[in-house]
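Residue numbering for the sequence shown is 1 to 141, as defined by full-length UniProt numbering.
Positions of the beta carbon are idealized from the N, C-alpha and C atoms, including for glycine.
For reference, the structure is listed below as structure tokens.
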Amino acid sequence: MTIKEIQNEIIDEFSMFDDWMQRYEYIIELGKSLPLIKEEYKVDENLIKGCQSKVWLQGEEQGDKIVFTADSDAILTKGIIAILIRAFSNQKASDIINADTEFIDEIGLKEHLSATRANGLISMIKNIKMYALAFDAKNKN
Numbered sequence: 001m002t003i004k005e006i007q008n009e010i011i012d013e014f015s016m017f018d019d020w021m022q023r024y025e026y027i028i029e030l031g032k033s034l035p036l037i038k039e040e041y042k043v044d045e046n047l048i049k050g051c052q053s054k055v056w057l058q059g060e061e062q063g064d065k066i067v068f069t070a071d072s073d074a075i076l077t078k079g080i081i082a083i084l085i086r087a088f089s090n091q092k093a094s095d096i097i098n099a100d101t102e103f104i105d106e107i108g109l110k111e112h113l114s115a116t117r118a119n120g121l122i123s124m125i126k127n128i129k130m131y132a133l134a135f136d137a138k139n140k141n
């Protein structure tokens with residue numbers, strides 16, 4: 001599936017819920033299904049700066065795609081990074097770089113987060129894009 005197709009699938013899933021309490025519960029459930037990051041990657045250089053909670057993100061190349069794993073010490077934040085990993089993992093670096101993140105606004109996520117969590121969300125997206133830029137640059141050399 002393309003990033004856009006996955007994003008549309010996420011939008012459809014969120015539209016099934018009537019209120020934000022149900023959406024928060026769903027985000028928490030998504031966090032529980034997040035493939036766990038290896039302990040060796042839970043190091044300071046993989047911590048996302050700008051997050052209220054601790055969030056570790058690791059990206060590695062598998063063929064021509066980037067596979068992300070992550071973890072967080074906060075259950076809601078773990079769900080948020082799970083949504084992002086679902087959208088951007090197993091995709092080509094160039095597709096991640098060029099992908100928009102409008103689906104975040106379409107599901108209303110940013111507006112229903114505290115200011116510090118919304119900043120953390122932006123930092124998570126930035127880190128995912130930075131991984132893609134780094135792998136893309138490395139592969140062009």
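If you draw a straight line from the C-alpha of residue 112 to the C-alpha of residue 64, how long is it? Cα to Cα, the separation comes out at about 35 Å.
CB contact flag (residue 120, residue 50, <9 Å): In this structure, residue 50 lies closer than 9 Å to residue 120 by Cβ.
Would you report the Cα separation of residue 32 and residue 8, rounded to the nearest angstrom? The alpha-carbon atoms of residue 32 and residue 8 are separated by roughly 22 Å.
Residue 70 and residue 58: beta carbons closer than 9 Å? A contact, by the Cβ cut-off of 9 Å.
From residue 82 to residue 25, what distance separates their C-alpha atoms? Distance between the alpha carbons of residue 82 and residue 25: 13 Å.
For the beta strand (DSSP E) that contains residue 52, what are its first and last residues? Careful: residue 52 lies outside any beta strand (DSSP E) and carries neither H nor E.
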